[in-house]
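Colleague:
There are 2 protein chains.
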Amino acid sequence: MSNRAQKLLADIKNKNARAIGKAISIVENETELCDDLLIGLSESEMPQYLVLGITGNPGAGKSTLTDKIIAHYRKQNQRIGIIAIDPTSPISGGAILGDRIRMMQHATDSDVVIRSMATRGRLGGLCSCAGATVRIMAASGCNPIIIETVGVGQSEIDIVSLADISLLVSAPGLGDDIQAMKAGLLEVADLLVINKADLPGATALFRDLQMLAREKEREITKTIASTGEGVDKLIKQIELLEKDYNESSYILKKREASKKKEIIDWSLEMVRAKLEKNIEHFALTNSDPRLQAKDFIKQHLKDMQ
Amino acid sequence: MSNRAQKLLADIKNKNARAIGKAISIVENETELCDDLLIGLSESEMPQYLVLGITGNPGAGKSTLTDKIIAHYRKQNQRIGIIAIDPTSPISGGAILGDRIRMMQHATDSDVVIRSMATRGRLGGLCSCAGATVRIMAASGCNPIIIETVGVGQSEIDIVSLADISLLVSAPGLGDDIQAMKAGLLEVADLLVINKADLPGATALFRDLQMLAREKEREITKTIASTGEGVDKLIKQIELLEKDYNESSYILKKREASKKKEIIDWSLEMVRAKLEKNIEHFALTNSDPRLQAKDFIKQHLKDMQ
Numbered sequence: 000m001s002n003r004a005q006k007l008l009a010d011i012k013n014k015n016a017r018a019i020g021k022a023i024s025i026v027e028n029e030t031e032l033c034d035d036l037l038i039g040l041s042e043s044e045m046p047q048y049l050v051l052g053i054t055g056n057p058g059a060g061k062s063t064l065t066d067k068i069i070a071h072y073r074k075q076n077q078r079i080g081i082i083a084i085d086p087t088s089p090i091s092g093g094a095i096l097g098d099r100i101r102m103m104q105h106a107t108d109s110d111v112v113i114r115s116m117a118t119r120g121r122l123g124g125l126c127s128c129a130g131a132t133v134r135i136m137a138a139s140g141c142n143p144i145i146i147e148t149v150g151v152g153q154s155e156i157d158i159v160s161l162a163d164i165s166l167l168v169s170a171p172g173l174g175d176d177i178q179a180m181k182a183g184l185l186e187v188a189d190l191l192v193i194n195k196a197d198l199p200g201a202t203a204l205f206r207d208l209q210m211l212a213r214e215k216e217r218e219i220t221k222t223i224a225s226t227g228e229g230v231d232k233l234i235k236q237i238e239l240l241e242k243d244y245n246e247s248s249y250i251l252k253k254r255e256a257s258k259k260k261e262i263i264d265w266s267l268e269m270v271r272a273k274l275e276k277n278i279e280h281f282a283l284t285n286s287d288p289r290l291q292a293k294d295f296i297k298q299h300l301k302d303m304q
Numbered sequence: 000m001s002n003r004a005q006k007l008l009a010d011i012k013n014k015n016a017r018a019i020g021k022a023i024s025i026v027e028n029e030t031e032l033c034d035d036l037l038i039g040l041s042e043s044e045m046p047q048y049l050v051l052g053i054t055g056n057p058g059a060g061k062s063t064l065t066d067k068i069i070a071h072y073r074k075q076n077q078r079i080g081i082i083a084i085d086p087t088s089p090i091s092g093g094a095i096l097g098d099r100i101r102m103m104q105h106a107t108d109s110d111v112v113i114r115s116m117a118t119r120g121r122l123g124g125l126c127s128c129a130g131a132t133v134r135i136m137a138a139s140g141c142n143p144i145i146i147e148t149v150g151v152g153q154s155e156i157d158i159v160s161l162a163d164i165s166l167l168v169s170a171p172g173l174g175d176d177i178q179a180m181k182a183g184l185l186e187v188a189d190l191l192v193i194n195k196a197d198l199p200g201a202t203a204l205f206r207d208l209q210m211l212a213r214e215k216e217r218e219i220t221k222t223i224a225s226t227g228e229g230v231d232k233l234i235k236q237i238e239l240l241e242k243d244y245n246e247s248s249y250i251l252k253k254r255e256a257s258k259k260k261e262i263i264d265w266s267l268e269m270v271r272a273k274l275e276k277n278i279e280h281f282a283l284t285n286s287d288p289r290l291q292a293k294d295f296i297k298q299h300l301k302d303m304q
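If you read the protein sequences in the order shown, they are chains F and A.
All letters in the first sequence, in the order written, are residues 0 to 304 by numbering that gives the first Met the number 0.
All letters in the second sequence, in the order written, are residues 0 to 304 by numbering that gives the first Met the number 0.
1. Mind listing, in chain order, the continuous beta strand (DSSP E) runs of no fewer than 3 residues lying wholly within the stretch 232–290 of chain F?
2. Closer than 9 Å by beta-carbon distance: list the chain A residues that pair up with residue 131 of chain F, in chain order.
3. Chain A partners of residue 269 of chain F, CB-CB under 8 Å?
4. What residues in its chain sit with their C-beta under 6 Å from that of residue 139 of chain F, if we drop five residues either side in the sequence?
5. So, for residue 45 of chain F: in the same chain, excluding its five sequence neighbours on each side, which residues have a beta-carbon less than 8 Å away from its beta-carbon?
6. Quick check on the DSSP output: what are the complete beta strand (DSSP E) runs of length 3 or more inside the stretch 34–67 of chain F, in order along the chain?
7. Would you check if the stretch 285–297 of chain F and the stretch 259–272 of chain A touch, i.e. whether three or more CB-CB distances between them fall below 8 Å?
8. Alpha carbon to alpha carbon, how far is residue 231 of chain A from residue 173 of chain F? Give it in angstroms, no decimals.
9. Using the C-alpha atoms, what's the distance from residue 66 of chain A back to residue 76 of chain A?
10. State buried or exposed for residue 64 of chain A, treating a residue as buried only when at least 16 other CB atoms are found within 10 Å of its CB.
11. CB-CB under 7 Å to residue 38 of chain A, same chain, minus the five flanking residues each way: which ones, in chain order?
12. Residue ranges of each alpha helix (DSSP H) run of no fewer than 4 residues wholly in the stretch 183–209 of chain A, ordered along the chain?
13. Hey, how far is the Cα of residue 239 of chain A from the Cα of residue 59 of chain A?
14. Does residue 191 of chain A come within less than 8 Å of chain F when only Cβ atoms are used?
15. Taking C-beta to C-beta, are residue 163 of chain A and residue 250 of chain A nearer than 8 Å?
16. In this structure, how does DSSP classify residue 7 of chain F when only helix, strand and coil are distinguished?
17. Just to confirm my understanding: we take residue 27 of chain A, look at its own chain, exclude 5 residues before and 5 after, and list those with CB closer than 7 Å. What are they?
18. Would you decide whether residue 197 of chain F is buried or exposed? Buried here means 16 or more other CB atoms lie within 10 Å of its CB.
19. Since residue 374 of chain F meets chain A, which of its residues come closer than 9 Å, beta carbon to beta carbon?
20. For a cutoff of 8 Å on Cβ pairs, would you count residue 34 of chain A as touching chain F?
21. Beta-carbon of residue 248 of chain A versus every beta-carbon of chain F: anything under 8 Å?
22. Is DSSP giving residue 78 of chain F helix, strand or coil here?
23. Please tell me whether residue 19 of chain F has its Cβ less than 8 Å away from any Cβ of chain A.
24. Measure from the C-beta of residue 218 of chain F to each C-beta in chain A and report whether the shortest distance is under 8 Å.
25. Would you tell me roughly how many angstroms separate the C-alpha atoms of residue 36 of chain F and residue 9 of chain F, rounded to the nearest one?
26. Cα separation between residue 284 of chain A and residue 130 of chain F?
27. What is the rounded straight-line gap between the Cα of residue 161 of chain A and the Cα of residue 237 of chain F?
28. Considering just the uninterrupted stretch of the alpha helix (DSSP H) at residue 221 of chain F, what are its terminal residues?
29. Per DSSP, which one or two residues make a beta bridge with residue 144 of chain A?
30. When you compare the CB of residue 361 of chain F with every CB in chain A, is at least one pair closer than 8 Å?
31. Return the CA-CA distance between residue 132 of chain A and residue 74 of chain A, expressed in angstroms with no decimal places.
32. Quick one: is residue 97 of chain A near chain F, going by C-beta distance under 8 Å?
33. Do residue 6 of chain F and residue 168 of chain F come within 8 Å of each other at the CB atom, strictly closer than that value?
34. When DSSP labels each residue in this structure, what does residue 166 of chain F get in the three-state scheme?
35. Would you say residue 43 of chain F lies against chain A (beta-carbon separation less than 8 Å)?
36. Spell out the partners DSSP gives residue 113 of chain A in its beta bridges.
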């Protein structure tokens, strides 16, 4: 490992905010120091940490709830990492909701490490960068590390696979199409939360979720994030589940599956970079794109038959 | 081309609804007849068609607006294709919002061809299936072909790249995080629509959009889809833009870029299938996933150095 990577890693372990930010940028941009840093991280002894995924539709009050969850852990003097997944701007390539995060009341607390992360331009695979960011935060002593997403789509499902425990936050009165969007996530989330539980429609939503939750024996917790009601109960559910998962080695199995997904995502990112370079010089024909794809990869990836 | 593919293609051209549905399923599932069918399609003379993308946040009234746009084209006796992109259920693997579509008033009209399509389980790349579906619908005489999306994420941006002309629908009062989610799409959409223009906040939203629209000289159209107000004006904008794009060969360039994207998406889907099979037998180590990914693809894709 180079001296620079060694120094950076030591600074991360010393909770140096700039070093943490720099390390994440190195991984995001895959710059020179990236491999060295990742080798160093993988050889470091890692403190225990829990990865908490918080997903759900816009309007469900995720940010307010996340704020309250952070406040709870801070009261217990735990250092927290937050990765906020934002929709990517296809032009600037960067995350666009940074401001949303910076507004959070914990932004000035040096033991709340916040990082906004774009869903990247292209692959849809989030796990590559986010996984490394989790480990950088963990090395700096963060526990838990919360991954919060905006929007609904493949990235949410990726995040659930990266989290040890994932919360799906919904709320009454969001309209039919919004509710329907959650269906994919409903099947994979570990805990279901009905936020804004004081609004009309909360009981009906509870009944709907109950049908889905029962199959997998999952808890549904009602919260009113704006007042903090129900948050303590939710934290208790998280702790119970963490204990459960640890005792049954379920978290280990989950992390192994997530590591495989990360390897696939990194691999595809490398393959995509190669293919996107090659497509520029590929002579398009009138034949169907799927058949041209077969020719294309035969030219550039000879192992693919 | 096999007899079965030839027969299927002839049935598609004869507007046989079952043949169209079957053909799309063949492409989605990449079953036996897939290549044959796609070869047949690419060798057929294709009637002219426009691909119209309609994206925007849940709650903006996209479905109602789409309904009104369909009604307009039906009055002119045009046959319409609609591809509704739904979030995928990671467990069932299928599209989950089919019902939303089936409820549409045009569902019994044989000249409105509706297909619900999942964002697929994994790749995030939508263009592969959706592109072939567009061509199947076009071969059956559909024009325009409308691609409507639910949710906001990478798939929306993919859809914009597949559309000749894309509309971004927003509405006042959707809340800050919902508005912010559009930012990525704002940069790439061809026409901006403020629906529910009678609601408070419409003027402020118009001002916000105006700043963004001006840079690319894009029109902002106000509509009230529930009453149909503004829809005629919107259609006129679409027609003007179509004329413009055709005269400047911009559509041809757009379709070439979209074909390249489709080739990349199909290629990555094939690569992913191979990698996912191989990862099962890959011996995980404690090394970082990114470094393991390098070993992994070196083992299975020797051209990747």
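Note that beta-carbon positions come from the ideal geometry of N, C-alpha and C, so glycine has one too.
Modeller: According to the data block:
1. DSSP runs (the beta strand (DSSP E)) wholly in the stretch 232–290 of chain F: none.
2. Going along chain A in sequence order, the residues near residue 131 of chain F (Cβ under 9 Å) are 287, 288, 289.
3. Result: 292, 293, 296, 303.
4. Only 11, 14, 19 meet the Cβ criterion.
5. Closer than 8 Å at the Cβ level, and outside the excluded window around residue 45 of chain F, lie 134, 137, 138.
6. The qualifying runs are 50–55.
7. Contact annotation: the stretch 259–272 of chain A touches the stretch 285–297 of chain F, with at least three C-beta pairs closer than 8 Å.
8. Taking the straight line joining both Cα atoms gives about 29 Å.
9. The alpha-carbon atoms of residue 76 of chain A and residue 66 of chain A are separated by roughly 15 Å.
10. Residue 64 of chain A should be labelled buried.
11. Apart from sequence neighbours up to five positions away, the residues of its chain that approach residue 38 of chain A with a beta-carbon distance below 7 Å are 0, ordered along the chain.
12. For the stretch 183–209 of chain A, not a single whole alpha helix (DSSP H) run of length 4 or above is found.
13. In this structure, the straight-line span from the alpha carbon of residue 239 of chain A to that of residue 59 of chain A is close to 24 Å.
14. With 8 Å as the cut-off, residue 191 of chain A does not count as an interface residue toward chain F.
15. Between residue 163 of chain A and residue 250 of chain A, the C-beta spacing is below 8 Å.
16. Of the three classes helix, strand and coil, the one that applies to residue 7 of chain F here is helix, per DSSP.
17. Contacts found: 128.
18. Label assigned to residue 197 of chain F: exposed.
19. The structure shown has nothing for residue 374 of chain F, since chain F only spans 0 to 304.
20. So yes, residue 34 of chain A belongs to the interface.
21. By this cut-off, residue 248 of chain A is not an interface position.
22. Coil, per DSSP.
23. With 8 Å as the cut-off, residue 19 of chain F does not count as an interface residue toward chain A.
24. For residue 218 of chain F, not one C-beta of chain A is nearer than 8 Å to its own C-beta.
25. Rounded to the nearest angstrom, the two C-alpha atoms are 11 Å apart.
26. Across the structure, residue 284 of chain A and residue 130 of chain F are spaced so that their CA atoms are roughly 16 Å apart.
27. If you take the alpha carbons of residue 161 of chain A and residue 237 of chain F, they lie about 42 Å apart.
28. Looking at the DSSP string, residue 221 of chain F is not in any alpha helix (DSSP H); the run it does join, the beta strand (DSSP E), is 219–221.
29. Residue 144 of chain A is bridged to A:50, A:80.
30. Here chain F comprises residues numbered 0 to 304, so residue 361 of chain F is not present and cannot be evaluated.
31. Each residue's Cα considered, the two are about 24 Å apart.
32. The predicted model places residue 97 of chain A with a pLDDT of 44, which falls under 50 and marks its position as unreliable; any figure quoted below should be read in that light. Answer no: the Cβ-Cβ gap between residue 97 of chain A and chain F never drops below 8 Å.
33. No Cβ-Cβ contact shorter than 8 Å links residue 168 of chain F with residue 6 of chain F.
34. DSSP, read as helix, strand or coil, puts residue 166 of chain F in strand.
35. It does not: the Cβ of residue 43 of chain F has no partner Cβ on chain A nearer than 8 Å.
36. The partner list for residue 113 of chain A (beta bridge, DSSP) reads A:81.
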